[in-house]
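Engineer: Could you have a look at this structure, given as structure tokens, before my questions?
Residue numbers (this note's numbering): 3 to 107.
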């Protein structure tokens, strides 16, 4: 299980900063798919009418997890950067820290 603190000191590439500053950490999420994107319009037009499924549907899924992408927002200039980390099944931001004595008992 991966536990990341809510704030992190990281390098800011913004025009005003260009130094290590405090960043707010959130998890990247995919935006809602648009109905008006060119590929979606083309797909909907092709699917209309008779003939069933026109494009191949992918079934050979191999991965069980996704790579976690952290969204880092600079607290000074609000510049946003993304930082991918390794794969994990359980991920949380700002959870309880594990102390040294917790592993003994």
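Even for Gly, the Cβ is constructed at its ideal location relative to N, Cα and C.
Note that the structure is predicted; figures quoted are calculated from it, not measured.
Using a 10 Å radius around the Cβ and a threshold of 16 neighbouring Cβ atoms, would you call residue 92 buried or exposed?
Structural biologist: Its Cβ having fewer than 16 others within 10 Å, residue 92 is exposed.
Engineer: My output table needs one value for residue 83: the three-state DSSP class, helix, strand or coil.
Structural biologist: Three-state DSSP puts residue 83 in a strand.
Engineer: If residue 23 and residue 77 are in contact, beta carbons under 8 Å, what's the gap, nearest whole angstrom?
Structural biologist: About 7 Å separates the two Cβ atoms, so the contact holds.
Engineer: Residues in the same chain with beta-carbon distance under 8 Å from residue 82, minus the five sequence neighbours each way, listed in chain order, please.
Structural biologist: Closer than 8 Å at Cβ, skipping near neighbours: 73, 74, 75 and 76.
Engineer: Answer with buried or exposed for residue 61, where buried requires no fewer than 16 other C-beta atoms within 10 angstroms of its C-beta.
Structural biologist: Flag for residue 61 reads exposed.
Engineer: Buried or exposed for residue 14, please, with buried defined as at least 16 other CB atoms from any protein chain shown within 10 angstroms of its CB.
Structural biologist: Flag for residue 14 reads buried.
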